[in-house]
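Position 112 of the sequence shown, counting from 1, maps to 152 under my numbering, and the rest follow consecutively. A short write-up of the structure that comes next.
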Amino acid sequence: MEAGRVVPAWHGPELVEEPNLTERAAEIARRLVCYLAEHQWAPVEIVHDEYMLEVNPVARCPEAAFILSRRCHDGLWELVAEGQTEEGTLVDSDGHHLTLTPYTTDVIEQLLTATS
41 MEAGRVVPAW HGPELVEEPN LTERAAEIAR RLVCYLAEHQ WAPVEIVHDE
91 YMLEVNPVAR CPEAAFILSR RCHDGLWELV AEGQTEEGTL VDSDGHHLTL
141 TPYTTDVIEQ LLTATS
C-alpha cells in the first residue's frame with residue numbers, strides 16, 4: 041500500500057485539501073465498521089435525498105466495504121466513491137490508501153448519522 045496517496049473520490053469544485061483528511065478517513069472507516077456491527081454484519085443500504093450509501097461486510101471481518109452513489113436527473117445512480125476499510129483506514133479496490141474529499145466525507149457522515 042502506498043502511504044499518502046490521495047485518490048479523489050469527488051470531482052466537483054469542492055475538491056480542496058484539508059489538513060485532517062487522513063483523520064477524517066480513519067473516522068469514516070471506524071464508523072462504517074461500527075455501523076455494520078450494529079446491524080449484525082448484514083448488508084445495509086441507506087438512501088437519503090439524492091444519495092445512496094451501500095455498506096457491506098467483507099470476508100475478513102471486522103471490515104466494511106462501501107459504495108456511495110448519487111441520483112442523477114434522469115433517475116439513474118452515478119458512482120461517487122467506493123472503497124473498504126482496512127485496519128482503521130480506507131483503501132481502494134487495489135489496496136491503495138483512499139482519502140475522500142471533504143464533501144464526500146460530509147455526505148457519508150450525514151448518511152450514517154441520519155440512520156443512527
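A virtual CB, placed ideally from N, CA and C, is assigned to each residue, including glycine. What you are looking at is a predicted structure, and each value in this text was computed from that prediction instead of being measured.
According to DSSP, simplified to helix, strand and coil, what is Ala77?
Counted from its first residue, the sequence shown places residue 77 at position 37. Three-state result, Ala77: helix.
Is it true that the segment 92-106 meets the segment 119-133, where meeting means three or more beta-carbon pairs spaced less than 8 Å apart?
yes
Mapping DSSP to helix, strand and coil, what is Thr125?
Here the question's residue 125 lines up with position 85 in the sequence shown. If DSSP states are grouped into helix, strand and coil, Thr125 belongs with the strands.
For Glu94 and Trp117, the rounded distance between their alpha carbons:
For the purposes of this step, residue 117 is taken as residue 77 along the sequence shown, with counting starting at 1. For the purposes of this step, residue 94 is taken as residue 54 along the sequence shown, with counting starting at 1. When rounded, the distance between both Cα atoms is 12 Å.
Which residues bound the beta strand (DSSP E) around Leu108?
For the purposes of this step, residue 108 is taken as the residue at position 68 of the sequence shown. Per DSSP, Leu108 belongs to the beta strand (DSSP E) from 104-111.
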